[in-house]
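Data block below; observations after.
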Amino acid sequence: MDQEQTIEKVQPERRSYLYWLWSDSWVMTKRSITHIIRSLDQVLSLILFPVMFMLLNRYVLGGAIDTGNVTYANYLFAGILVQTLAFGANYTTINLAVDMKEGIVDRFKSLPMASSALLIGHITADLFRNIISGAIIIIVGFLVGFRPNATASEWLMVVGLALLFTLAISWLSAILGLLVKSLEAAQWIGFVLIFPLTFISSAFVPTDTMPAALEAFAENQPLTHVINAMRSWLVGTPMGDSAWLAVVWSIAIIAVCMPLAAAMFRRRTPR
Amino acid sequence: MKQSSQNKLSIDVRGLQKSFGTLSVLKDINFSVERGTILALLGPNGAGKTTTIRILSTLLPYDGGEVSIEGHSVEKEPDAVRSSIGLTGQFAAVDEYLTGEENLLMMGRLYRLSIPDAARRTEQLLKQVDLVEASKRPVRTYSGGMKRRLDLAMSLIADPPIIFLDEPTTGLDPRSRLALWDMIKQLAKSGTTILLTTQYMEEADQLADRIVVIDGGKVIAEGTADSLKGEIGSDRLEIVLGRSANFEKAKALITDKSLQADPERRVLSVASKGGVKKLKEVLQQLENAKIDVESVSLHRPTLDDVFLTLTGHAATKEEDEATADKKGKGKK
Chain Z
391 MDQEQTIEKV
401 QPERRSYLYW
411 LWSDSWVMTK
421 RSITHIIRSL
431 DQVLSLILFP
441 VMFMLLNRYV
451 LGGAIDTGNV
461 TYANYLFAGI
471 LVQTLAFGAN
481 YTTINLAVDM
491 KEGIVDRFKS
501 LPMASSALLI
511 GHITADLFRN
521 IISGAIIIIV
531 GFLVGFRPNA
541 TASEWLMVVG
551 LALLFTLAIS
561 WLSAILGLLV
571 KSLEAAQWIG
581 FVLIFPLTFI
591 SSAFVPTDTM
601 PAALEAFAEN
611 QPLTHVINAM
621 RSWLVGTPMG
631 DSAWLAVVWS
641 IAIIAVCMPL
651 AAAMFRRRTP
661 R
Chain E
967 MKQSSQNKLS
977 IDVRGLQKSF
987 GTLSVLKDIN
997 FSVERGTILA
1007 LLGPNGAGKT
1017 TTIRILSTLL
1027 PYDGGEVSIE
1037 GHSVEKEPDA
1047 VRSSIGLTGQ
1057 FAAVDEYLTG
1067 EENLLMMGRL
1077 YRLSIPDAAR
1087 RTEQLLKQVD
1097 LVEASKRPVR
1107 TYSGGMKRRL
1117 DLAMSLIADP
1127 PIIFLDEPTT
1137 GLDPRSRLAL
1147 WDMIKQLAKS
1157 GTTILLTTQY
1167 MEEADQLADR
1177 IVVIDGGKVI
1187 AEGTADSLKG
1197 EIGSDRLEIV
1207 LGRSANFEKA
1217 KALITDKSLQ
1227 ADPERRVLSV
1237 ASKGGVKKLK
1247 EVLQQLENAK
1257 IDVESVSLHR
1267 PTLDDVFLTL
1277 TGHAATKEED
1287 EATADKKGKG
1297 KK
């Protein structure tokens, strides 16, 4: 303020819509990833949750669960991986709810930017978060006795499905984040949905030990297909129809939730 | 500022109406802002100031009337409008986890500046708002005043021809307020059109070329600070009644619309526009009714006097409207 400045005139760049959609999404992705790195609780949850789930299930429950001719460490790995991915992707709900509460969404909406870039930023950050969580799970898995017999191409399919599944849960989480009225609700809604879904699946126990109604649900829900597909690629359990059903479920969830979330975000005009 | 049209109006608002459900918030708002000038929307809480700003910055749809910004219709060409405005809302809309510098760079890119332009403007603005030293620190470590300055800098990054400031100094300490006022004046000098809302007459007086007073969703007065003060009358006549006097009866006697009554202090006051004649008239009325007067004095108008005269109620004491306003905000 002390010296009089001759303000240079700046002109907006003229580029295509796609360039700006890409650029805006990248700017928002950098923002969301910075949030993960600079927020202590997000970093801790990124590291602690997978380690905790893995150790508790492996050593507390593992001894009592009969998984046939597969060791429990080998059986458990895919379940813990998918549960961790689901919880990681659920951060979109929380982070979006935080954004909506603060003035910054108003600011973004008053800019000439692509409006869905904010959603894309959160979701890409979830992919980043899950890649790191997934790597931690693999390391901890090996430490507690996970011994996969997967080939390189089977590993690639596991990673590909993990990313696709993350995208599906993230877009679903975006809708939840736009629906919840408070941060508290954003925190618990993920737990209320993801905990039962992972427990009533093939994540931790073989589904044929469950009561008939639960078994029927467990065997036909998307998480079980994702888990069974990964487990089959990693340790050679029977595949059945799981691989293509997991892909179809994930793509269907994305196809429904992505346009819905974008429309909800555009239309959501705070009072 | 490239402006080909002969039109000198930056902002033109005609017959603007907006309701939330059955609650009519804006009934008929009309005003315009000439290019390169500062206009203050002055009004109590709940008068419709923030709603007006939100409509002008494309955040809210409206029900009736016409709004154009730099010749672009807010309804039909929102993107053109968004490129020519900068918005600083009531609550600092900054990203707490990013540093000041990162916040500015992010805004620069979102405003479609090239990467080198965004970096150059960021450097300039950090100097301009005196945040160079704090520029590498996350914003959550900033004080309230620093956040507001960063907030303003963020809306200036693309050097938009129009800036909206919604109660820019609410909640700031006096020193930060003066610093922000300086920045706003500087900005106007460089040719930026500024629309600001405020509850403080003093702020409007300090900054604005023209003032539009709104209350209950309508424009109730408009003019320069001086012309508005002239309408109100420069001095007020204050009458303290004696212990034995009937306060309610005295209050009923004086029919002037600028009458302000404070039963606890037993004080009645009116705008003394009529000078000595007015003084004599009021005292005569009280004398005739045999009402005991303890003392009489003249004093300069306060901010509340201005509001009282124009709106019939105090500027900052409208509890009902203030809480209604807060409830509305809670909902978003």
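Listed in order, the protein sequences are those of chains Z and E.
Using this note's numbering, you'd call the opening residue of the first sequence number 391 and step up by one each time.
Using this note's numbering, you'd call the opening residue of the second sequence number 967 and step up by one each time.
Using N, Cα and C, we set each Cβ at its ideal position, and we do this for glycine too.
DSSP puts residue i in a beta bridge; with which residues?
i	result
Asp1228 of chain E	E:Val1233
Glu1032 of chain E	E:Arg980
Arg1202 of chain E	E:Ala1237 and E:His1265
Pro1382 of chain E	Outside the modelled stretch of chain E, which goes from 967 to 1298, sits residue 1382 of chain E, for which no answer is possible.
Ile1128 of chain E	E:Ile1051 and E:Thr1159
Ile1180 of chain E	E:Val1185
Val1259 of chain E	E:Leu1207
Ser998 of chain E	E:Asp978
His1038 of chain E	E:Ile1035
Ser985 of chain E	E:Ser990
Ala1006 of chain E	E:Leu1162 and E:Ile1177
Roughly how many angstroms separate the alpha carbons of residue i and residue j, rounded to a whole number?
i	j	result
Tyr462 of chain Z	Arg1020 of chain E	58 Å
Arg1087 of chain E	Leu1071 of chain E	8 Å
Ala443 of chain Z	Arg656 of chain Z	In the sequence under discussion, the amino acid at residue 443 of chain Z is Phe, which differs from the Ala named in the question. The straight-line gap from Cα to Cα measures roughly 37 Å.
Ile470 of chain Z	Phe439 of chain Z	10 Å
Gly626 of chain Z	Ala564 of chain Z	34 Å
Arg1202 of chain E	Ser1261 of chain E	14 Å
Val979 of chain E	Pro1027 of chain E	14 Å
Val1098 of chain E	Ala1145 of chain E	16 Å
Arg1048 of chain E	Gly1074 of chain E	13 Å
Ile526 of chain Z	Leu446 of chain Z	16 Å
Val638 of chain Z	Arg537 of chain Z	28 Å
Ser429 of chain Z	Gly458 of chain Z	42 Å
Ser1247 of chain E	Glu1133 of chain E	Checking the displayed sequence, the identity of residue 1247 of chain E turns out to be Glu instead of Ser. Looking at the two C-alpha atoms, the distance is approximately 41 Å.
Ile584 of chain Z	Gln473 of chain Z	8 Å
Trp545 of chain Z	Glu1068 of chain E	38 Å
Ile529 of chain Z	Ile437 of chain Z	12 Å
Ile1160 of chain E	Arg1115 of chain E	16 Å
Glu1214 of chain E	Lys1195 of chain E	29 Å
Going by beta carbon distance, what residues of the same chain come within less than 6 Å of residue i, once the five residues before and after it are set aside?
i	result
Leu635 of chain Z	His615
Ala633 of chain Z	Ala619
Asp1222 of chain E	Val1236
Ala487 of chain Z	Gly567, Val570, Leu573 and Ala576
Phe986 of chain E	none
Using only alpha-carbon positions, find the residue among the options that is nearest to residue i.
i	options	result
Val1178 of chain E	E:Val979, E:Leu1005, E:Leu992 and E:Ile1123	E:Leu1005
Leu1276 of chain E	E:Gly1066, E:Gly1189 and E:Glu1099	E:Gly1189
Leu501 of chain Z	E:Arg1232, E:Thr1054 and E:Ala1085	E:Thr1054
Lys571 of chain Z	Z:Thr483, Z:Lys499, Z:Lys420 and Z:Asn539	Z:Thr483
Asn1011 of chain E	E:Glu1230, E:Pro1082, E:Gln1226 and E:Thr1163	E:Thr1163
Leu992 of chain E	E:Val1233, E:Gly1182, E:Gln1251 and E:Phe1213	E:Gly1182
Ile590 of chain Z	Z:Gly580, Z:Ala603, Z:Ile579 and Z:Trp578	Z:Ala603
Ala593 of chain Z	Z:Glu403, Z:Arg448 and Z:Arg421	Z:Arg448
Met654 of chain Z	Z:Asp431, Z:Met490 and Z:Gly453	Z:Met490
Asp1148 of chain E	E:Tyr1166, E:Met1167 and E:Gln1094	E:Gln1094
Glu1043 of chain E	E:Ser1023, E:Ile1160 and E:Arg1143	E:Ser1023
Ile423 of chain Z	Z:Ile522, Z:Gly535, Z:Gly531 and Z:Cys647	Z:Ile522
Glu605 of chain Z	Z:Val646, Z:Arg621 and Z:Leu587	Z:Leu587
Val433 of chain Z	Z:Asn520, Z:Leu650 and Z:Ser406	Z:Asn520
Please work out which residues of its chain come closer than 7 Å, Cβ to Cβ, to residue i, disregarding the five sequence neighbours upstream and downstream, and give them in chain order.
i	result
Asp994 of chain E	Gly981, Gln983 and Lys1184
Leu1091 of chain E	Leu1070, Ala1119, Leu1122 and Ile1123
Ile644 of chain Z	Leu557, Ala558 and Trp561
Ser1263 of chain E	Glu1204
Ala1170 of chain E	Ala1006, Leu1008, Thr1164, Ile1177 and Ala1191
Considering only residues of the same chain and omitting the five flanking positions on each side of residue i, which have a CB-CB separation below 8 Å?
i	result
Leu1079 of chain E	Arg1087, Ile1123 and Ala1124
Tyr1063 of chain E	Pro1104, Val1105 and Arg1106
Arg661 of chain Z	At Arg661 of chain Z, the pLDDT of 34 sits below 50, so the modelled position is not reliable and the matter cannot be decided from this model.
Ile1180 of chain E	Ile995, Leu1007, Leu1008, Gly1009, Ala1013, Gly1014, Lys1015, Thr1018 and Ile1186
Ser640 of chain Z	Leu551, Leu554, Phe555, Leu557, Ala558, Pro612 and Val616
What residues from chain A crowd round residue i, counting only those whose CB sits closer than 8 Å?
i	result
Leu501 of chain Z	No chain A is present in this structure, whose protein chains are Z and E.
Three or more beta-carbon pairs under 8 Å between the stretch 550 to 558 of chain Z and the stretch 472 to 479 of chain Z, yes or no? yes
Within 8 Å, do at least three Cβ pairs link the stretch 1202 to 1214 of chain E to the stretch 1029 to 1043 of chain E? no
Indicate whether the contact test is met: 3 or more Cβ pairs, each with one atom in the stretch 506 to 523 of chain Z and one in the stretch 588 to 606 of chain Z, closer than 8 Å. no
Would you call the stretch 1106 to 1115 of chain E and the stretch 1134 to 1144 of chain E in contact, with 3 or more CB pairs under 8 Å? yes
With three or more beta-carbon pairs closer than 8 Å as the criterion, would you say the stretch 1054 to 1066 of chain E touches the stretch 484 to 494 of chain Z? yes
Check whether the stretch 1243 to 1258 of chain E and the stretch 1210 to 1220 of chain E are in contact - that is, three or more C-beta pairs closer than 8 Å. yes
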